[in-house]
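Protein sequence lines correspond, in order, to chains A and B.
According to the numbering used here, the first sequence is numbered sequentially starting from 1.
According to the numbering used here, the second sequence is numbered sequentially starting from 402.
To start, the structure under review is shown below, and the notes come after it.
Protein chains: 2
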Amino acid sequence: MSTATDLDAADPLAHFRERFVGAASDLVYFDGNSLGRPVAATAGRLGTFVEQEWGGRLIRGWDERWMDLPTTLGDDLARICLGAAAGQTAAGDSTTVWLYKLMRAAVDHVARTDPDRTEIVIDTDNFPTDRYVAEGIAAERGLSLRWIEVDTSAGVTPEQLREVVGERTALVVLNHVAYRSAWLADAPELTRIAHDAGALVLWDLCHSAGAVEVELDAWDVDLAVGCSYKYLNGGPGSPAFGYVAERLQDELTQPIQGWMGHADPFLMGPGYTPAAGIRRFISGTPPILGMVAMQAMLELVEQAGIEAIRAKSVALTSYAVELADAALPEVTLASPRDPARRGGHVTLHHDRMREVTARLWQRDVIPDYRDPGGLRIGLSPLSTSFDEVERGIAAVAEAMR
Amino acid sequence: MSTATDLDAADPLAHFRERFVGAASDLVYFDGNSLGRPVAATAGRLGTFVEQEWGGRLIRGWDERWMDLPTTLGDDLARICLGAAAGQTAAGDSTTVWLYKLMRAAVDHVARTDPDRTEIVIDTDNFPTDRYVAEGIAAERGLSLRWIEVDTSAGVTPEQLREVVGERTALVVLNHVAYRSAWLADAPELTRIAHDAGALVLWDLCHSAGAVEVELDAWDVDLAVGCSYKYLNGGPGSPAFGYVAERLQDELTQPIQGWMGHADPFLMGPGYTPAAGIRRFISGTPPILGMVAMQAMLELVEQAGIEAIRAKSVALTSYAVELADAALPEVTLASPRDPARRGGHVTLHHDRMREVTARLWQRDVIPDYRDPGGLRIGLSPLSTSFDEVERGIAAVAEAMR
Chain A
1 MSTATDLDAA DPLAHFRERF VGAASDLVYF DGNSLGRPVA ATAGRLGTFV EQEWGGRLIR
61 GWDERWMDLP TTLGDDLARI CLGAAAGQTA AGDSTTVWLY KLMRAAVDHV ARTDPDRTEI
121 VIDTDNFPTD RYVAEGIAAE RGLSLRWIEV DTSAGVTPEQ LREVVGERTA LVVLNHVAYR
181 SAWLADAPEL TRIAHDAGAL VLWDLCHSAG AVEVELDAWD VDLAVGCSYK YLNGGPGSPA
241 FGYVAERLQD ELTQPIQGWM GHADPFLMGP GYTPAAGIRR FISGTPPILG MVAMQAMLEL
301 VEQAGIEAIR AKSVALTSYA VELADAALPE VTLASPRDPA RRGGHVTLHH DRMREVTARL
361 WQRDVIPDYR DPGGLRIGLS PLSTSFDEVE RGIAAVAEAM R
Chain B
402 MSTATDLDAA DPLAHFRERF VGAASDLVYF DGNSLGRPVA ATAGRLGTFV EQEWGGRLIR
462 GWDERWMDLP TTLGDDLARI CLGAAAGQTA AGDSTTVWLY KLMRAAVDHV ARTDPDRTEI
522 VIDTDNFPTD RYVAEGIAAE RGLSLRWIEV DTSAGVTPEQ LREVVGERTA LVVLNHVAYR
582 SAWLADAPEL TRIAHDAGAL VLWDLCHSAG AVEVELDAWD VDLAVGCSYK YLNGGPGSPA
642 FGYVAERLQD ELTQPIQGWM GHADPFLMGP GYTPAAGIRR FISGTPPILG MVAMQAMLEL
702 VEQAGIEAIR AKSVALTSYA VELADAALPE VTLASPRDPA RRGGHVTLHH DRMREVTARL
762 WQRDVIPDYR DPGGLRIGLS PLSTSFDEVE RGIAAVAEAM R
């Protein structure tokens, strides 16, 4: 078994760690999958933005840069970490609002083209907001939800999806990486199964974007959403993003028809005409400051490359599993043991984990707790060292004693 | 006629001007009603937030402050500039998303309680995004729009509203200050007329919040929305806000049911149960950085007091009208001459104004242009001096020659 020191010395991405605020402190941060650390450059960039761009260019900033920022930043996200060509991704809103807009766009489209398809397929361990949005849309559009029962330590398998999709399925809503177990879904295979049944698919990438390889175009995905505050380190509540495959953009419309999704926002005339392309999925005035805060991290992700990031992510989670196996015999792994089926975090199960988490927080070791009995260890690849993992697992062992 | 120097010398709020980035420059900023200047303190506060709060507290920030920020900031907005008691206002999302959520909440409620009311009343010069959202909701909910025809240099009068509301009216959607003409609607009287007809009212406060006195509670308003990037200087695309009168909160539900509007967001169980009170109108993870950027301005508004701000606003727009009357004989005033019916901007009409605006921008005089032929002069009370108004109107006169 390699030591943390050996692993850090051999890590080609180790030098990125110093680019983050507070990474050199003694605090062990096991929650980079809930809220990533700020990149050190971000504070300065925000200051420059306020003083020079907002303060200096004032309203002219809209013409000069901001109007296009939702889609230029979307294209950056697409190129750097979504495996998507330009023109299909836009930043803005929250993940929840994107889920509402894109689920509605999908089911309203199917209602026009194939009205017998009246089911939304979703799994019981899908992230709560996805389930709540789907529940609301099903109620308001007269659809029903078809649930895939999922174990909280696993995720949706191709076999499970095959069993429930069919000629009644309008839309399948899945998480790429499960928020509790870190189950990494077989996205290309699940997308194919949904398509073979004639359904559309929406992928939630919140727990995978920036940590796991995503190939939306190659997988032939229809719709996707994700947030930027986890592995994309955009800050608390930073703008989310939505992806709509180019082949669907002209057929779909979304319900929150605001001026920024209009074909000509400054015409300000009567009647809404949706813009061409991805812009029709934008609604209101986009949150520019939040977009500025995302950029420094996106640049680091591009420099490191998503393949190298994923390789380090696998090494970090594997090391955490190895240490937990050795030091925490009373604990169960509530994440896939196979790294090919595991995203960027590891969940350890024990009935006392709520109490253990509280104790760890008092000692500046910061994992997350998720019912039932899950200690969730999120390992953000660019800001986490193997030494941090070792110190953290040792602290868990001590807290459990 | 007083000189600009006299007026600035007598202005009790003059000292606030130095608190804004760039206000001392030679640039004439006549667009503070589209995007307010940054408060000088904002860059530093954002830096501190990134380094210490986000970077230092990390995920713990949610428990410590951020979960409540949408409603504590909402309460600050309510107290400082909306005339509303605590517990009725939340910050977040864009104005467009708030319009969608609150219009849907209103018409869905009326559909349950009074299904014969199938009309949304709205005026032809309402801000485009309000009209587009209303149009979309009418189409999806099987309602119809009843238009009040409004002159682009005026706004909705009590007589006009009285003519169209009745037993078919579900909801009336009005702008407090019209984006083109600056018409300041008689909000208490219009609200009363709508209520007498048995309808709900939604006020869009985008062009009034922070510049004009608003008394949502005293006027018995049902619903309101507004943005924070105009007279509240929150920055491009800063978070919007929504107000729902306490008496309606438990009866209304909104369609974008996300985890942050759930009665217990971290329960993460099956089934959506809306939170009590204003929180049920929140959807996704709130944009914290954008909320931090709004706070410095809100403090200045509180220090100055909204009555004093409104008094200066009236003095600024009156001075602009006076100068335009004298120096621009070929121009028509496309705003109310009576300051009691005028918000914080003044629109001057001439067929050549598009060209004049372009010429002014080249000379660092920054008004806005709005069809048809409107040069819009927005005078943000705390950051604009009378001298700036004088220099700007002189530049308009020169550009027109």
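Glycine included, every Cβ here is placed at the ideal spot set by N, Cα and C.
In the three-state reduction of the DSSP assignment, A491(B) falls in the strand class. With fewer than 16 other Cβ atoms from the protein chains shown falling within 10 Å of its own Cβ, H15(A) counts as exposed. Look at V574(B) here: in three-state DSSP terms it is strand. Look at A625(B): its C-beta is not under 8 Å from any C-beta on chain A.
Proximity of the region 753 to 770 of chain B to the region 423 to 432 of chain B meets the contact definition, three or more beta-carbon pairs being nearer than 8 Å. Not flagged as an interface residue toward chain A: D621(B), since no C-beta distance is shorter than 8 Å. Every alpha helix (DSSP H) of 4 residues or more that sits fully in the region 35 to 121 of chain A is shown, in chain order, as 41 to 48, 60 to 64, 69 to 77 and 95 to 113.
V107(A) and I120(A) do touch by the CB rule: their CB atoms are close to 7 Å apart, below 8 Å.
In this structure, T129(A) is the residue among V50(A), W54(A) and T129(A) with its C-alpha nearest to the C-alpha of G670(B). For L776(B), the beta-bridge partners assigned by DSSP are L749(B) and Y770(B). Counted as a single uninterrupted DSSP element, the beta strand (DSSP E) harbouring S545(B) occupies residues S545 to I549.
DSSP lists R342(A) as the bridge partner or partners of W183(A). Selection V551(B), M698(B) and G706(B) evaluated against V613(B) yields G706(B) as nearest (Cα-Cα). R802(B) and P740(B) have their C-alpha atoms spaced approximately 29 Å apart.
Between Y720(B) and L408(B), the C-beta gap is smaller than 8 Å, which places the two residues in contact.
In the DSSP assignment, L562(B) falls within the alpha helix (DSSP H) that extends over P559 to V565. In summary, the residues of the region 452 to 465 of chain B whose CB is separated from some CB of chain A by less than 8 Å are E452, W455, G456, G457, L459, I460, R461, G462 and W463, in the order they occur in the chain.
The Cβ atoms of A224(A) and L205(A) lie closer than 8 Å to each other. Counting only the Cα atoms, R505(B) lies some 12 Å from V602(B).
For L82(A) and A209(A), the gap between their C-alpha atoms comes out near 7 Å. Shown in chain order are the members of the region 369 to 400 of chain A whose Cβ falls below 7 Å from a Cβ of chain B: D371. Against chain A, a Cβ distance below 7 Å from D765(B) picks out nothing, because the smallest value is about 10 Å. One Cα belongs to A24(A), the other to A4(A), and the distance between them is close to 16 Å. Against chain B, the beta carbon of M268(A) has neighbours under 7 Å at P529 and D772, listed in chain order. In summary, the residues of the region 243 to 266 of chain A whose CB is separated from some CB of chain B by less than 7 Å are P255, I256, Q257, G258, W259 and H262, in the order they occur in the chain.
Annotation for V645(B): no alpha helix (DSSP H) segment contains it, though the beta strand (DSSP E) segment containing it runs F642 to V645. In the three-state reduction of the DSSP assignment, W620(B) falls in the coil class. Taking 9 Å as the cut-off between beta carbons, the residues of the region 506 to 530 of chain B near chain A are D509, T525, F528, P529 and T530, in sequence order.
Linking Q489(B) to P589(B) through their CA atoms gives a straight-line distance of about 18 Å.
Per DSSP, V201(A) lies in no alpha helix (DSSP H) segment; the continuous beta strand (DSSP E) that holds it begins and ends at L200 to D204. About 7 Å separates the beta carbon of S238(A) from that of L690(B), a gap short enough to meet the 8 Å contact definition. Its chain contains L470, L474, A492 and P640 as the residues whose beta carbon lies nearer than 7 Å to that of M692(B), once the 5 sequence neighbours on both sides are disregarded; these appear in chain order. Within the same chain, and ignoring the five residues on either side of T42(A) in sequence, the residues whose Cβ sits closer than 7 Å to its Cβ are A293 and A296.
With the rule of 3 Cβ pairs closer than 8 Å, the region 725 to 741 of chain B counts as touching the region 552 to 572 of chain B.
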